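Asks: One structure is given below, represented as structure tokens, and several questions about it will come after.
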Amino acid sequence: MSINFSLFKSQNNAKNSALLQRRQRAFVRKIIIVLCAGMMALLVVSTIIDSQETQVIAVAKHNIQQGSRVSVNDIAYVRVPKHKVFNQALSNNISANASIVATCEIRKGMPILQTLLSKIPRIPKGFTSITIHLASADHTLLPGEKIDLAFSKPVQDEEISNSQNAESRNSEKSKSSTAENNDKNKNHDIEENNIAEIDERYVSVVHNVMVMQISQNTQASQNQQNTTTLAMPAADALRLLQAQSANPSLAIIAMKLSQ
1 MSINFSLFKS QNNAKNSALL QRRQRAFVRK IIIVLCAGMM ALLVVSTIID
51 SQETQVIAVA KHNIQQGSRV SVNDIAYVRV PKHKVFNQAL SNNISANASI
101 VATCEIRKGM PILQTLLSKI PRIPKGFTSI TIHLASADHT LLPGEKIDLA
151 FSKPVQDEEI SNSQNAESRN SEKSKSSTAE NNDKNKNHDI EENNIAEIDE
201 RYVSVVHNVM VMQISQNTQA SQNQQNTTTL AMPAADALRL LQAQSANPSL
251 AIIAMKLSQ
């Protein structure tokens, strides 16, 4: 009996050992299958990614204010799938000496389009640049744009203008009443057409002023530029500075260039 029991026990051990080995081999096969499937998936994904054409574009590292100079430290380059929406995106590297300003505010992470940048214009020959505070502007100013400036004349200029106007009125009164009656209706129509025009007796206008640079305050409202660098003939710059010295709170208004 002892011999039969030992034989039976050894047979059971052999069966258990064979079963354990089969389970281990099956587990190893499953692990190999999972690894192979994962490797195949990675190969397929990498093939799809490599087959898709990409391009490098420039994005803003941080918020760029309107009118501020754009340098290499303001730009980061990222790779994106090629699409026609990025055709106008800046792709070339900006040199350290590039004279480029932002024509509008650019938010952090936004693609930098070529239409959002403008080169800092050069001062034309015979012009001088001054930095002033604009009270308002009837449109958004852009570097390189030509505008008109309007500001009130100093008191002395107004008195001279008033005296000249008084002399001209006295000379006109000496004309015949017949000529006045004939021109009355004509002058009335002209005055109605010129109601919206600036009265240059009290307001000075500087034409063909070039916008050089705009520095907008973050607290400024829309279409209101604070510190603006402008280029104009030296005589006009002197006239503007004299008006500012006579009236420190002088309001200067920027307007579209008159045709």
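Under the numbering used here, the first residue of the sequence shown is numbered 1, with each subsequent residue one higher. Note that the Cβ used here is the ideal one computed from N, Cα and C, for glycine as well. Values in this document were obtained by computation on a predicted structure and should not be read as measured data.
1. The alpha helix (DSSP H) with Ser71 in it runs from where to where?
2. Rounded to the nearest angstrom, what separates Val85 and Thr115 at their Cα positions?
3. To which residues does DSSP link Lys256 through a beta bridge?
4. Name the residue from Ser17, Thr128, Glu145 whose alpha carbon lies nearest to the alpha carbon of Ile120.
5. In the DSSP assignment, what residue or residues form a beta bridge with Ser152?
6. Just tell me which of Leu241, Leu257, Pro248, Ala137 has its CA closest to the CA of Val209.
7. If you check the beta carbons only, do Val80 and Gln55 fall under 8 Å apart?
8. How far does the beta strand (DSSP E) with Glu244 in it reach, from first residue to last?
9. Which residue wins for smallest C-alpha separation from Val205, given the options Thr227, Ala235, Ser249, Ile106?
10. Can you check the stretch 76–149 for any alpha helix (DSSP H) of at least 4 residues that lies completely inside it and give the ranges in chain order?
11. Rounded to the nearest angstrom, what separates Asn93 and Ser46 at their Cα positions?
12. Asp74: which of His83, Glu53, Ile100 sits nearest, CA to CA?
13. In terms of alpha-carbon separation, which member of Pro124, Ala150, His133, Gln65 lies closest to Met110?
14. List the DSSP bridge partners of Ile57.
15. Within a Cβ cutoff of 6 Å, which residues of the same chain sit near Ala237, ignoring the five residues on either side of it in sequence?
16. From Ser118 to Leu35, what distance separates their C-alpha atoms?
Replies: Based on what the coordinates show:
1. Careful: Ser71 lies outside any alpha helix (DSSP H) and carries neither H nor E.
2. 13 Å
3. Under DSSP, Lys256 shares a beta bridge with Ile147.
4. Glu145
5. Val203
6. Leu257
7. Going by beta carbons, Val80 and Gln55 fall inside the 8 Å limit.
8. For the sequence presented, residue 244 should be read as Gln rather than Glu. Looking at the DSSP string, Gln244 is not in any beta strand (DSSP E); the run it does join, the alpha helix (DSSP H), is 234–246.
9. Comparing Cα positions, the closest option is Ala235.
10. none
11. 28 Å
12. Ile100
13. Gln65
14. Val78
15. Thr128, Ile130
16. 54 Å
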